[in-house]
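Protein chains in written order, with full-length UniProt numbering: chain A, 1 to 68; chain B, 1 to 68; chain C, 1 to 68; chain D, 1 to 68; chain E, 1 to 68; chain F, 1 to 68. What follows is a short report on a single structure.
6 protein chains.
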Amino acid sequence: MPYVNIRVTNEGVTAAQKQELIEGATDLLQRVLNKNPATTFVIIDEVETDNWGVNRQNITSVRKQERK
Amino acid sequence: MPYVNIRVTNEGVTAAQKQELIEGATDLLQRVLNKNPATTFVIIDEVETDNWGVNRQNITSVRKQERK
Amino acid sequence: MPYVNIRVTNEGVTAAQKQELIEGATDLLQRVLNKNPATTFVIIDEVETDNWGVNRQNITSVRKQERK
Amino acid sequence: MPYVNIRVTNEGVTAAQKQELIEGATDLLQRVLNKNPATTFVIIDEVETDNWGVNRQNITSVRKQERK
Amino acid sequence: MPYVNIRVTNEGVTAAQKQELIEGATDLLQRVLNKNPATTFVIIDEVETDNWGVNRQNITSVRKQERK
Amino acid sequence: MPYVNIRVTNEGVTAAQKQELIEGATDLLQRVLNKNPATTFVIIDEVETDNWGVNRQNITSVRKQERK
Numbered sequence: 001m002p003y004v005n006i007r008v009t010n011e012g013v014t015a016a017q018k019q020e021l022i023e024g025a026t027d028l029l030q031r032v033l034n035k036n037p038a039t040t041f042v043i044i045d046e047v048e049t050d051n052w053g054v055n056r057q058n059i060t061s062v063r064k065q066e067r068k
Numbered sequence: 001m002p003y004v005n006i007r008v009t010n011e012g013v014t015a016a017q018k019q020e021l022i023e024g025a026t027d028l029l030q031r032v033l034n035k036n037p038a039t040t041f042v043i044i045d046e047v048e049t050d051n052w053g054v055n056r057q058n059i060t061s062v063r064k065q066e067r068k
Numbered sequence: 001m002p003y004v005n006i007r008v009t010n011e012g013v014t015a016a017q018k019q020e021l022i023e024g025a026t027d028l029l030q031r032v033l034n035k036n037p038a039t040t041f042v043i044i045d046e047v048e049t050d051n052w053g054v055n056r057q058n059i060t061s062v063r064k065q066e067r068k
Numbered sequence: 001m002p003y004v005n006i007r008v009t010n011e012g013v014t015a016a017q018k019q020e021l022i023e024g025a026t027d028l029l030q031r032v033l034n035k036n037p038a039t040t041f042v043i044i045d046e047v048e049t050d051n052w053g054v055n056r057q058n059i060t061s062v063r064k065q066e067r068k
Numbered sequence: 001m002p003y004v005n006i007r008v009t010n011e012g013v014t015a016a017q018k019q020e021l022i023e024g025a026t027d028l029l030q031r032v033l034n035k036n037p038a039t040t041f042v043i044i045d046e047v048e049t050d051n052w053g054v055n056r057q058n059i060t061s062v063r064k065q066e067r068k
Numbered sequence: 001m002p003y004v005n006i007r008v009t010n011e012g013v014t015a016a017q018k019q020e021l022i023e024g025a026t027d028l029l030q031r032v033l034n035k036n037p038a039t040t041f042v043i044i045d046e047v048e049t050d051n052w053g054v055n056r057q058n059i060t061s062v063r064k065q066e067r068k
């Protein structure tokens, strides 16, 4: 009965990639802990880059610096 | 001082239904644990069906199969 | 497929009370949104009173003041 | 390696205010617990006022009453 | 900069299994979304079986029935 | 009505430090967004070092390497 919450920045994650994350996380729990996929929840939260900070910077700023 | 977080798929939950969830969760905490409604928070997260997986499938796919 | 997370202070919640919270939250989601109990998760987190603050005070201090 | 999740209602928080929250929370963890800013995450969730309840009322209703 | 939160019941997960979950979730995010492992957080929450409900039952009861 | 959740590793955080985090986070929300302290919740989760991973390593291992 695991619950997996994956939070990533909202930067163009496709439906196919989300499906890969769901399958991968479910399989991981089954492989390591023998958890039943039928009751494994995976929820993906996409967070705006203005709303995510690391090292005192929001990711919008981080991405701008990376493009320079 | 309870905090209740209800996560459901984003499939047309109305404002009236959200209000019912808020009242119902607050009343539940008051009835069972005698918690004060004035400091009971209820937060509802609506998650896109592409972003929620169960049994290795996203809910978008599950809904398509149910409609067949 | 709802996920309900109830966070309360760790102040002697009994197993019977936890079971009432689980049933009450599951029934609420079924009544309001017609959600299937078989895939409704309810998770209760019990948080130490030192670790929960409201109005700039931890709940350990709040409880001491209430007892005066 | 702290993770800080700030949830507020979605009522016009500006990018500059979000940046202030990110800096303030990161500095707080560094000052109190000597945590490294480079591995401090701050994530801000903006929640619709219909989806946040306190004292059995959603915040949309609370705001209407305040304006009266 | 992903954040992955894995919640499972507290039923004897070993340190080696936790390490496998950490590696597996980090590798999944790198493979699917090209996320940097250096800023990928994985946090595992172990929840008491009395505190986790599915299908209106706590997992303590579910386990008792399974053993019959 | 903000909700702030601070997750740190369980490595000897004192009650006084927790109180500082509660005050600091509450004041931050008041200063930046004019939020009322009376309805600001701060919850601190202390996570075992085996249960927190960054860069594919759990923090128990990271700490051992740092001591070398």
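Yeah, the Cβ is synthetic: ideal placement off N, Cα and C, and Gly gets one too.
- Contiguous alpha helix (DSSP H) elements confined to the UniProt domain "4-oxalocrotonate tautomerase-like" (2-54) of chain F occur at 15-33, taking only those with 4 or more residues.
- For Q57/C, DSSP records a beta bridge to V54/C.
- Short of 8 Å from the beta carbon of G53/A, and not among the five residues preceding or following it, lie these beta carbons of its own chain, in chain order: I59.
- By the Cβ rule, the region 41-53 of chain A counts as touching the region 5-24 of chain A, because three or more pairs are nearer than 8 Å.
- With respect to chain D, the C-beta atom of V47/B has no partner C-beta closer than 7 Å.
- The three-state reading of DSSP puts K64/C in helix, counting H, G and I together.
- Burial is judged here by how many other beta carbons sit within 10 angstroms of a residue's own beta carbon; K68/A has fewer than 16 and is exposed.
- Nearest C-alpha to F41/D among L21/D, E11/D and V32/D: L21/D.
- Chain-ordered, the chain E residues with CB closer than 7 Å to the CB of P37/C read N55 and R56.
- One alpha carbon belongs to E23/E, the other to N51/A, and they sit about 26 Å apart.
- For N5/C, no Cβ of chain F is located within less than 7 Å of the residue's own Cβ.
- Within the same chain, and ignoring the five residues on either side of T9/A in sequence, the residues whose Cβ sits closer than 8 Å to its Cβ are E46, V47, E48, T49, W52 and I59.
- Neighbours of N34/F in chain E, taken as residues whose beta carbon is under 7 Å from its own, are absent, since the nearest beta carbon is some 28 Å off.
- Leaving aside the five residues that flank K18/F on each side, the residues in its chain whose CB is nearer than 7 Å to its CB run, in chain order, I44.
- V42/E reaches chain F at G53, counting residues in chain order whose Cβ is nearer than 7 Å.
- Closer than 7 Å to the CB of Q65/E there is not a single CB belonging to chain A.
- Below the 7 Å Cβ cutoff, chain D contributes R56 as neighbours of E23/B, in chain order.
- Taking a Cβ-Cβ cut-off of 8 Å, the neighbours of T9/E in chain A comprise M1, given in sequence order.
- Just measuring C-alpha positions, the residue of A16/F, E11/F, D27/F and G12/F sitting nearest M1/F is D27/F.
- If the five residues before and after P37/D are omitted, its C-beta is found closer than 7 Å to the C-beta atoms of T26 and Q30, all from its own chain and listed in chain order.
- One finds V32 and L33 in chain A with Cβ atoms closer than 8 Å to the Cβ of Q17/E, taken in chain order.
- Cβ atoms of V32/B and L33/C stay farther apart than 8 Å, at about 21 Å.
- Spanning the alpha carbons of Q65/E and K35/C requires a straight line of approximately 24 Å.
- Between Q57/C and T39/E, the alpha-carbon positions lie close to 33 Å from each other.
- Put simply, the CB of T26/B is near chain D, with a gap under 7 Å to one of its CB atoms.
- Its chain contains no residue whose beta carbon lies nearer than 6 Å to that of R63/A once the 5 sequence neighbours on both sides are disregarded.
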